[in-house]
Amino acid sequence: MNDSMQRLPAPLRFATLLCAAAALAACSPVEDPSLFPAFDAATATPPPAQTASEFNPQRNVYWGDLHIHTGYSTDAYTNGVRAMPDDAYRFARGGEIEHAAGYGIRLRRPLDFAAVTDHSEYLGVLRASDPDLPLKTRGLRERLLEDGRLLNTALLARTMLGFDLDDAVIPGWQEISRSTWQAIIESAERHNDPGRFSAFIGYEWSSMPEEKNLHRNVIYRGSKVPEVPYSSIDSEDPRDLWRALEQQREQGMQVFAIPHNGNVSDGRMYDAVMFDGQQMNADYARARMANEPVSEIFQVKGSSETHPLLSDEDSFAGFEIYDTQLAHSQAFSQPQGSYVRDALRTGLEMSHSEGFNPYRFGVIGSSDGHNASSPVEEDSYHGKLPILDGSAALRMGRATYWPAESMAGGWRWSAAGLAAVWATENTRAALFDAMLRRETYATSGPRMLVRFFGGWGYTQELLAQPDRAALAGASGVPMGGELARRGDAAPQFAVWALRDPDSANLDRIQIIKGWVDAAGNSHEKIFDVAYSGERAPDADGAIAPVGNTVDVARATYDNSIGAAELGAVWTDPEFEPTQEAFYYARVIEIPTPRWTTYDAAKLGMPAPEPTSLQERAVTSAIWYHP
2 MNDSMQRLPA PLRFATLLCA AAALAACSPV EDPSLFPAFD AATATPPPAQ
52 TASEFNPQRN VYWGDLHIHT GYSTDAYTNG VRAMPDDAYR FARGGEIEHA
102 AGYGIRLRRP LDFAAVTDHS EYLGVLRASD PDLPLKTRGL RERLLEDGRL
152 LNTALLARTM LGFDLDDAVI PGWQEISRST WQAIIESAER HNDPGRFSAF
202 IGYEWSSMPE EKNLHRNVIY RGSKVPEVPY SSIDSEDPRD LWRALEQQRE
252 QGMQVFAIPH NGNVSDGRMY DAVMFDGQQM NADYARARMA NEPVSEIFQV
302 KGSSETHPLL SDEDSFAGFE IYDTQLAHSQ AFSQPQGSYV RDALRTGLEM
352 SHSEGFNPYR FGVIGSSDGH NASSPVEEDS YHGKLPILDG SAALRMGRAT
402 YWPAESMAGG WRWSAAGLAA VWATENTRAA LFDAMLRRET YATSGPRMLV
452 RFFGGWGYTQ ELLAQPDRAA LAGASGVPMG GELARRGDAA PQFAVWALRD
502 PDSANLDRIQ IIKGWVDAAG NSHEKIFDVA YSGERAPDAD GAIAPVGNTV
552 DVARATYDNS IGAAELGAVW TDPEFEPTQE AFYYARVIEI PTPRWTTYDA
602 AKLGMPAPEP TSLQERAVTS AIWYHP
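Read left to right, the sequence shown gives residues 2 to 627 (this note's numbering).
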């Protein structure tokens, strides 16, 4: 091995040697049918006209994405993204924009709200400094179609391993970040259209101590925002972020933070101790509750609901698991302290032993798309980071010799998620306030309608009433609410769901219960409360799988199984009036093809496992206090 090869980082040496060994096969371009005709701005589809929604005291459900990156984010720009916030909002509103790989992308259905949340660290600096990057002179589309596997691999390796941000940071970068932040604000203001589309001002605080993800998206209620965003350059400690946000609220700003990707935090996102390892106290719990009313649990980097090692009796716990840290080592991320259900249980234990609960939060989904877009649709998935997964050939390991299963993402990434918010109208204020109330739920992409209430006096007849939401709300609380003890009476829970008309039928509705016993230990149990077909519980109370209509070779399915609508009024058969508990609903679709199956069909190759998945919705919890 020559000296120059020895000086390369180990992963880069590996890639280089692998490419050299395969050079004979790497000379021809990669055919990639996922690359649609080149984007033409002159013929691009504009956002459709939207009818203004009317005020509804019983709430409308609104769909959004509060986690979108543009070329102002360092990692996005390095990966070839040049799209700006205007592009992101145009995409969210249903218009067509150019993917970094050179083809047009659009959503089949517009979103109701969105936020550009570029990384606050060195915001816009890379774009302004214009460093010498492999994609600077020739775009990703051109390289994919013309360069073949060897050069594509070299492009990936040089960009991902050979680029040093320190080389691109220039004197005066703080002013660049300040002006970039102003451009982001102005874009949100341009696209904000009360009643039709809500464009939130926000950013991502990207704390990464020891490669453990503690990222938060910071979202503002209105137009009053700071001159510069807070960043992990200022501090990696979430408490310092909260202090900054509290100071902003004292200045009249309304703001909160949304944790995401606890699944790759190695147990630190929802830890039982503070950032510095000290024991939590009531002040910490108050600050966390005040600043983080919701957490993001579905996105491109997997699900953060629960993990099979935490919920071994939950047959649906293995959904879209991404449990390695965001590092070249891909070290295992410790599940405990990394997932939402575990956090809710930890909160109950702390409430019992300490008298405070830092983990009483709601849930949403979002994308974390880095193409100024939301890669949320399985059958038209367009990836997260273009140079890694901007085409089917890249995603499935056909465009480089870097194995897809060992890449930072590859086919392990998910097709994002969406935030569902029950609000009175489509305005920043109404949506923001609904998230403060935790009247929210998360989906893995489909737009199934889900309502969940807890209260007393509900009967099965409630589900047949045209005004069932008003009736349920009059004697109870919606998702995200809290119930106080009423003697020894057990509360009832009303839940109903309608399938997404553009997606699959429903398999079942479950209610997940967590509780703490007299010794202070928490427990969990899953109840199937509504399910499709003629199935019945077995001796253990389990419901058999719904079946699977997925044709893997053709990447199709049909709705010959499942139900269009499900609902139930349910009473906990194991209710103990003295036990603190939480309850949340989970709605499961019938199996449908995963995006990898769609890509495999396009490429004419075998689909990797899993070939199908059961998309889902997860509601914010309802807490019971004895």
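Glycine included, every Cβ here is placed at the ideal spot set by N, Cα and C.
How many Å lie between Glu577 and Leu484 at the Cα? Residue numbering aside, residue 577 sits at position 576 when the sequence shown is read from its first letter. Residue numbering aside, residue 484 sits at position 483 when the sequence shown is read from its first letter. Looking at the two C-alpha atoms, the distance is approximately 14 angstroms.
From what residue to what residue does the alpha helix (DSSP H) around Thr572 run? Sequence index remark: in the sequence shown, residue 572 carries index 571 (1-based). Run containing Thr572: none in the alpha helix (DSSP H); it sits in the beta strand (DSSP E), Glu566 to Thr572.
Gly95, buried or exposed, once every other Cβ within 10 Å from all chains shown has been counted against 16: Reading the sequence shown from its first residue, position 94 is the one you call residue 95. Its Cβ being crowded by 16 or more others within 10 Å, Gly95 is buried.
Where Asn282 falls, given that 16 or more other Cβ within 10 Å makes a residue buried: Here residue 282 refers to the residue found at position 281 when the sequence shown is read from its first residue. Exposed: under 16 other Cβ atoms inside 10 Å.
Under a three-way DSSP split, which group does Ser354 fall into? The residue given as residue 354 occupies position 353 in the sequence shown. It is helical.
Leu127 beta carbon less than 8 angstroms from that of Tyr78: Along the sequence shown, read from residue 1 onward, the residue named residue 78 stands at position 77. Along the sequence shown, read from residue 1 onward, the residue named residue 127 stands at position 126. Yes; because the gap between Cβ atoms is below 8 angstroms, this pair is in contact.
Return the chain-ordered list of same chain residues with a C-beta closer than 8 angstroms to the C-beta of Lys137, the five sequence neighbours on each side being excluded. Reading the sequence shown from its first residue, position 136 is the one you call residue 137. For Lys137, the CB contacts under 8 angstroms within the same chain, skipping 5 residues up- and downstream, are Asp131 in chain order.
Across the stretch 463-474 and the stretch 352-359, are there enough close Cβ pairs to call them in contact, namely three or more that are closer than 8 angstroms? no
Measuring CA to CA, which of Glu122, Met161 and Pro294 is closest to Pro135? Locating residue 135 in the sequence shown gives position 134, where the first residue counts as 1. In terms of Cα proximity to Pro135, the closest of Glu122, Met161 and Pro294 is Met161.
Have a look at Arg250, Pro86, Tyr625 and Glu306 and flag the residue whose alpha-carbon is nearest the alpha-carbon of Gly488. In the sequence shown, counting from the first residue as 1, residue 488 sits at position 487. The candidate whose alpha carbon is nearest that of Gly488 is Tyr625.
Mind checking whether Glu187 and Arg346 have CB atoms under 8 angstroms apart? The sequence position of residue 187 within the sequence shown is 186, counting from 1. The sequence position of residue 346 within the sequence shown is 345, counting from 1. The criterion of a C-beta distance shorter than 8 angstroms is not satisfied by Glu187 and Arg346.
Quick check: what's the CA-CA separation for Asp638 versus Ala102? Shown here, the chain extends from 2 to 627; a query on residue 638 therefore has no answer.
Please classify Phe37: does DSSP put it in a helix, a strand, or coil? Taking the first residue of the sequence shown as position 1, residue 37 is located at position 36. Annotated three-state conformation of Phe37 is coil, per DSSP.
Go ahead and pull the three-state DSSP assignment for Tyr90. For the purposes of this step, residue 90 is identified with residue 89 of the sequence shown, where counting begins at 1. Three-state result, Tyr90: helix.
Contact under 8 angstroms by Cβ, Gln511 with Trp571: On the sequence shown, residue 511 is found 510 positions in, with the first residue counted as 1. On the sequence shown, residue 571 is found 570 positions in, with the first residue counted as 1. Against a cut-off of 8 angstroms, the Cβ pair of Trp571 and Gln511 comes out as no contact.
Please report the Cβ distance between Arg197 and Thr425, rounded to the nearest whole angstrom; I am assuming they are in contact, meaning their Cβ atoms lie under 8 angstroms. One-based indexing of the sequence shown puts residue 197 at position 196. One-based indexing of the sequence shown puts residue 425 at position 424. Going by Cβ atoms, the distance from Arg197 to Thr425 rounds to 15 angstroms, so no, they are not a contact pair.
Within the chosen definition, does the stretch 560-569 reach the stretch 496-516 through at least 3 CB pairs nearer than 8 angstroms? yes
Check whether the Cβ atoms of Val422 and Leu437 lie closer than 8 angstroms to each other. Residue 422 sits at position 421 when you count from the first residue of the sequence shown. Residue 437 sits at position 436 when you count from the first residue of the sequence shown. Not in contact: Val422 and Leu437 (Cβ atoms no closer than 8 angstroms).
Rounded distance between the beta-carbons of Asp113 and Tyr73, thought under 8 angstroms: Counting from one through the sequence shown, the residue named residue 73 turns up at place 72. Counting from one through the sequence shown, the residue named residue 113 turns up at place 112. Rounded, the Cβ-Cβ distance is 24 angstroms, inconsistent with contact.
Taking all protein chains shown into account, do 16 or more other C-beta atoms lie within 10 angstroms of the C-beta of Lys514, making it buried, or fewer, making it exposed? Numbered from 1 along the sequence shown, position 513 holds the residue referred to as residue 514. Answer is buried; the Cβ neighbour count reaches 16.
Cβ shell of Tyr221 (< 6 angstroms), same chain only, five flanking positions each side left out: Your numbering for residue 221 matches position 220 in the sequence shown. Setting aside the 5 residues that flank it on each side, Tyr221 is surrounded in the same chain by Ile202 and Val256, each with a C-beta closer than 6 angstroms to its C-beta; the list follows chain order.
Do Gly446 and Val377 count as a contact pair if the criterion is CB distance below 8 angstroms? Numbered from its first residue, the sequence shown carries residue 377 at position 376. Numbered from its first residue, the sequence shown carries residue 446 at position 445. In this structure, Gly446 lies closer than 8 angstroms to Val377 by Cβ.
Counting C-beta neighbours from all protein chains within 10 Å, is the total for Asp284 16 or more, i.e. buried, or is it exposed? Here the question's residue 284 lines up with position 283 in the sequence shown. When all chains shown are included, Asp284 counts as exposed.
Nearest-angstrom Cα separation, counted from Val82 out to Thr71: Taking the first residue of the sequence shown as 1, we reach residue 71 at position 70. Taking the first residue of the sequence shown as 1, we reach residue 82 at position 81. Roughly 7 angstroms between the two C-alpha positions.
Buried or exposed (CB count within 10 angstroms, at least 16 for buried), Pro546: Residue mapping note: residue 546 aligns to position 545 of the sequence shown, counting from 1. It is exposed - the Cβ of Pro546 has fewer than 16 other Cβ atoms within 10 Å.
So, does the stretch 245-263 touch the stretch 204-220, judging by three or more C-beta pairs under 8 angstroms? yes
Same chain, Cβ closer than 7 angstroms to Gly348, neighbours up to 5 away in sequence not counted: As a first step, residue 348 must be located in the sequence shown, where it is residue number 347. Counting only Cβ-Cβ distances below 7 angstroms, and skipping sequence neighbours, we find Asn358, Pro359, Tyr360 and Arg361.
How close, in whole Å, do the beta carbons of Ser621 and Met397 come, if the pair is a contact with beta carbons under 8 angstroms? As a position in the sequence shown, residue 621 is number 620, starting the count at 1. As a position in the sequence shown, residue 397 is number 396, starting the count at 1. With 8 angstroms as the limit, Ser621 and Met397 do not qualify as a contact, their Cβ atoms being about 36 angstroms apart.
Cβ shell of Ser207 (< 8 angstroms), same chain only, five flanking positions each side left out: The sequence position of residue 207 within the sequence shown is 206, counting from 1. Excluding residues within five positions, the ones whose Cβ falls inside 8 angstroms are His120, Ser121, Glu122, His216, Ser232 and Ser233.
Where Leu25 falls: helix, strand or coil (DSSP): As a first step, residue 25 is located in the sequence shown; it is residue number 24 there, counting from the start. The predicted position of Leu25 is uncertain, since its pLDDT is 36 and thus under 50; a value taken from the coordinates is nonetheless stated next. DSSP places Leu25 in helix when its eight states are reduced to three.
Taking DSSP as the reference, what is the three-state secondary structure of Ile177? Walking along the sequence shown from the start, residue 177 turns up at place 176. Note: Ile177 maps to helix in three-state DSSP.
Measuring alpha carbon to alpha carbon, tell me which residue in Met449, Ala420 and Phe454 is nearest Thr441. On the sequence shown, residue 441 is found 440 positions in, with the first residue counted as 1. Nearest C-alpha to Thr441: Ala420.
Name the two residues that bound the continuous alpha helix (DSSP H) containing Trp243. Position 242 of the sequence shown, counted from the first residue, corresponds to residue 243. Looking at the DSSP string, the run of the alpha helix (DSSP H) that includes Trp243 is Pro239 to Glu251.
What's the gap between the Cα of Pro592 and the Cα of Arg617? Residue 592 sits at position 591 when you count from the first residue of the sequence shown. Residue 617 sits at position 616 when you count from the first residue of the sequence shown. Their Cα atoms are separated by approximately 10 angstroms.
Expressed to the nearest angstrom, what Euclidean distance is found between the alpha-carbon atoms of Glu211 and Val265? Counting from one through the sequence shown, the residue named residue 211 turns up at place 210. Counting from one through the sequence shown, the residue named residue 265 turns up at place 264. Approximately 12 angstroms, taken between the alpha carbons.
Here's the rule: buried if 16 or more other CB atoms are within 10 angstroms of the residue's CB, otherwise exposed. What is Trp321? Stepping through the sequence shown from its first residue, residue 321 is reached at position 320. Before going on, a small fix: residue 321 reads as Glu here, not Trp. That one is buried.
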